[in-house]
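Novice: The structure follows.
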Amino acid sequence: MQPSAADSGVDDLLDKQEIIACIKEMGSFESGFENNYEKIIDYACKSVEASILPTQFDNATELIFLAAAKAYYAICVYEEADLGFASFTAGDITVSGMASKSERAKEIYKMAVQGASAYLKDDGFAFKGV
């Protein structure tokens with residue numbers, strides 16, 4: 020019997036090493052980058068786990084990708100904020116920061132949410148009448 024989101028911890032649901040490998044590929048990171056972003060990666064894993072429908076899914080690729088995309092987006096936003104600028108110009112030279120990287124990461128995250136939608140709870144509001 021496969022574990023379900025309702026009765027297991029994140030380590031049983033999502034393979035963290037697969038998520039780290041996916042983030043590494045998205046951001047062209049070097050080995051060991053995950054040590055700098057451990058809390059962000061853990062948060063992404065736990066938030067995806069909390070959103071999973073209570074069904075059996077066997078470590079779905081879509082959920083791995085969703086957790087990785089969520090963590091990657093957060094890492095890009097963090098790095099962009101840490102950089103302190105999006106771009107500046109000095110004469111004829113323009114230096115751009117990571118604004119475009121975080122925008123691409125946001126698009127990847129949106130795509131991942133759509134791809135994993137079959138596995139996720141719908142927490143939307145619906146007014147059905149009085």
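If you want the working numbering, it's the 1-based position in the sequence shown plus 19.
Built from N, CA and C at the ideal position, the CB exists for glycine as well.
1) Which parts of the stretch 36-121 are runs of the beta strand (DSSP E), unbroken and 3 residues or longer, counting only runs that do not cross its ends?
2) Could you tell me the distance, in whole angstroms, from the CA atom of residue 136 to the CA atom of residue 108?
3) Going straight from the alpha carbon of residue 117 to that of residue 35, what length do you get?
4) Based on the DSSP secondary-structure assignment, which residues constitute the bridge partners of residue 139?
5) Within its chain, find whatever has a CB closer than 7 Å to the CB of residue 86; leave out the 5 residues flanking it on each side and keep chain order.
6) Would residue 81 and residue 46 qualify as a contact pair, given that the criterion is a beta-carbon distance under 8 Å?
7) CB-CB under 7 Å to residue 124, same chain, minus the five flanking residues each way: which ones, in chain order?
8) When you compare the CB positions of residue 139 and residue 50, do they come within less than 8 Å of one another, or not?
Specialist: This is what the structure holds:
1) 106-109 and 112-115
2) 42 Å
3) Any reading at residue 117 must be qualified, since the residue scores a pLDDT of 46, below 50, and its modelled position is unreliable; the value itself is stated next. The alpha-carbon atoms of residue 117 and residue 35 are separated by roughly 26 Å.
4) 71
5) 33, 38, 63, 64 and 67
6) no
7) If we look at residue 124 and ignore the five residues flanking it on each side, its Cβ neighbours are 91, 92 and 95.
8) no
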